[in-house]
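Colleague: Below are the C-alpha cells for one structure; questions will follow.
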Amino acid sequence: MHKIILCLAILITLIYSPLLYSKENDIQFKWKLIEIIASDIDTIKIDDGNFFKIDNSGILQIMKKHGNRYYPYTREGKILHVTSGEVVRKWEVLHVDEHNLRLDSPLGIYVLKR
Numbered sequence: 002m003h004k005i006i007l008c009l010a011i012l013i014t015l016i017y018s019p020l021l022y023s024k025e026n027d028i029q030f031k032w033k034l035i036e037i038i039a040s041d042i043d044t045i046k047i048d049d050g051n052f053f054k055i056d057n058s059g060i061l062q063i064m065k066k067h068g069n070r071y072y073p074y075t076r077e078g079k080i081l082h083v084t085s086g087e088v089v090r091k092w093e094v095l096h097v098d099e100h101n102l103r104l105d106s107p108l109g110i111y112v113l114k115r
C-alpha cells in the first residue's frame, strides 16, 4: 500500500511540476547576449563571450570588453526595477521561453539565448 501511495505521489508531482514552475524564476539562468536592438531600431551585433547571469536578486553582465557589472533588481510581474548606482531604472521582460529572452531596457532591447 505504501508503494502505491509513493508511486502516485511521484506521478502527481511529475504531471504537475510544469504548473508548479514559478514564472518569477523563468529568467533566472545564464544567457548569451546575441544583439541589442537600440532605441532607434539600429541593431548592434554582439561578439561571442558576452553573457547575462540572472538570479533571484541581480543581473550580472559579463562583457568581454567592459568587464563584469552587477545590478540588483526587484521584480513585479514582467517589470524589473534595476538599480545602477543610486538610480533605479525600469526594464521589461518582453518575451521569455525555454531558449530565448528579450529584455527592454533604457539602452534598447537585449536579445539573449540559452
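The sequence shown maps to residues 2 to 115 in the numbering used here. Heads up, the beta-carbon is just placed ideally off N, CA and C, and yes, glycines get one too.
1. Please report how far the alpha carbon of L95 lies from the alpha carbon of K79, in whole angstroms.
2. I want to see whether chain C comes within less than 8 Å of T75, judged by CB atoms only; does it?
3. Quick check for students: name the residue ranges of the beta strand (DSSP E) that lie wholly in the region 55–79, counting only runs of 3 or more.
4. Roughly how many angstroms separate the alpha carbons of P73 and K31, rounded to a whole number?
5. Keeping to the same chain, check which residues put their C-beta closer than 7 Å to that of V97; ignore five residues upstream and five downstream.
6. In the DSSP output, what is H96 paired with across the bridge?
7. Starting from E87, trace the beta strand (DSSP E) both ways and give me its first and last residue.
8. Whose C-alpha, out of W92, D48, H100, is nearest the C-alpha of L81?
Modeller: Put simply:
1. In the sequence shown, counting from the first residue as 1, residue 95 sits at position 94. In the sequence shown, counting from the first residue as 1, residue 79 sits at position 78. Whole-angstrom Cα-Cα distance: 8 Å.
2. The structure shown contains no chain C; it holds only a single protein chain.
3. Entirely contained in the region 55–79, the beta strand (DSSP E) runs reaching 3 residues are, in chain order, 59–64, 68–77.
4. Walking along the sequence shown from the start, residue 73 turns up at place 72. Walking along the sequence shown from the start, residue 31 turns up at place 30. The C-alpha of P73 lies about 16 Å from the C-alpha of K31.
5. Counting from one through the sequence shown, the residue named residue 97 turns up at place 96. Same-chain partners within the cutoff: D27, I28.
6. For the purposes of this step, residue 96 is identified with residue 95 of the sequence shown, where counting begins at 1. DSSP lists R103 as partners of H96.
7. On the sequence shown, residue 87 is found 86 positions in, with the first residue counted as 1. In this chain, E87 is not harboured by any beta strand (DSSP E), its DSSP state being neither H nor E.
8. Working through the sequence shown from its first residue, we reach residue 81 at position 80. Nearest neighbour of L81 by Cα position, chosen from W92, D48, H100, turns out to be W92.
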